[in-house]
Amino acid sequence: MKIFESHAHLDSKDFNEDRDEVIEQCRKAGVEYIINVGCDEETSRKSIELAKKYDLIYATVGYHPHDADKFDEKKLRSFAKKKKVVAIGEIGLDYYRNLSLASTQIYAFEEQLKIAKEMNLPVVIHDRDAHEDTMEILLKHKPEKLVFHCYSGDLAMAKKILEQGWFISFTGTVTYKNTTLKEAVKMVPQDRFFIETDSPYLSPVPYRGKRNAPFRLQHVIEKISELKRITPNKVAEYSFENARKFFGI
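Each residue of the sequence shown is one higher than the one before, counting from 1 in the numbering used here.
In structure tokens:
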């Protein structure tokens, strides 16, 4: 089984003691590609460095809404030109924690969408408790290639995303008690979903609360298989090809 990890943060200090070992475990588990996601200047730079060091890792660069006040257009453009950078992200809005003012988040979000379009790069979206504003901005800018990472919306929003030709990515949260999310999993077509861990966060059941890693994607695959009533191999195959084409790998 070939697995595509579409969203991880292996640059996290949580992996400083055993990063090489974790990467090796990923290889043994069938993980062929890992997208390591930038959230600010430091993590974008680290993602690029990891992509240089490990053949299976590719990078995204961007300013997360928590770090919207640190948005630097010049640095982002420079990062986006580096080898093995395959998308802008994660970018978007987060009204759950509001670590940056909403107006600042919106400005950084829109500017990064413009850069992604100009540089012909896909976009990785972070949307937490900001569904309405996120969709309004996206429908204004209409990125061609876009994925909602760690999907947390309802069925109505999922339908709007799919109507635009965009993608939805599922994490270990599919193994939690969330009926709405499970309905979204069932509804999303086989050619429009990715799988991810968001490592080191969101470990699937039975590892909830522990450090997550891409080699635990098997649990996400099995739950999606159960919900969509297709084989685990098909879940892995569809998500692999969807993500590979999206990121241009």
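Using N, Cα and C, we set each Cβ at its ideal position, and we do this for glycine too.
- Counting only the Cα atoms, Phe-167 lies some 13 Å from Glu-196.
- Taking each of Lys-82, Ala-243, Glu-5 in turn and checking the Cα distance to Lys-52, the smallest one comes out for Lys-82.
- If only complete runs of 4 or more residues are kept, the segment 63-96 shows the alpha helix (DSSP H) at 73-80, in order along the chain.
- Here DSSP, grouped into helix, strand and coil, assigns Asp-127 to strand.
- In this structure, Phe-194 sits near Ala-243, with a CB-CB distance shorter than 8 Å.
- Counted as a single uninterrupted DSSP element, the alpha helix (DSSP H) harbouring Thr-104 occupies residues 102-118.
- With respect to the 8 Å criterion, Gln-112 and Ile-88 are classified as neighbours on the basis of their beta carbons.
- Between the alpha carbons of Ile-34 and Glu-21 lies a distance of about 15 Å.
- Shown here, Ser-199 sits in a strand according to DSSP, grouped into three states.
- Annotation for Ala-158: Tyr-151, Ile-168, Ala-184, Met-187, Val-188 place their beta carbon closer than 8 Å to its own, counting only its chain and skipping 5 residues before and after.
- Ranked by Cα distance from Tyr-54, the first of Ile-91, Phe-79, Leu-227, Ile-23 is Ile-23.
- Remark: C-beta atoms of Ala-8 and Asp-127 do not approach each other more closely than 8 Å.
- Spanning the alpha carbons of Tyr-63 and Ser-100 requires a straight line of approximately 12 Å.
- In the three-state reduction of the DSSP assignment, Thr-175 falls in the helix class.
- For Tyr-238, the closest of Arg-216, Thr-43, Arg-192, Glu-226 by C-alpha to C-alpha distance is Arg-192.
- Non-local beta-carbon contacts of Glu-41 in its own chain, meaning distances under 6 Å to residues more than five positions away in sequence, involve Lys-75 in chain order.
- The beta-carbon separation of Pro-214 and Val-31, rounded to 5 Å, stays under the 8 Å limit for a contact.
- Remark: C-beta atoms of Val-86 and Ile-249 approach each other more closely than 8 Å.
- Nearest to Arg-27 by C-alpha distance, out of Leu-217, Leu-227, Arg-229, is Leu-217.
- In this structure, the straight-line span from the alpha carbon of Arg-45 to that of Gly-38 is close to 8 Å.
- Secondary structure of Ala-8 (DSSP, three-state): strand.
- Note on the segment 125-161: whole beta strand (DSSP E) runs with a minimum of 3 residues are 146-148, in chain order.
- The C-beta separation of Ile-125 from Gly-92 comes to about 5 Å, placing the pair in contact by the 8 Å criterion.
- Judged by DSSP secondary structure, Tyr-238 falls within the alpha helix (DSSP H) whose first and last residues are 232-247.
- Residue environment: Tyr-96 is assigned as exposed (fewer than 16 neighbouring CB atoms within 10 Å of its CB, all protein chains considered).
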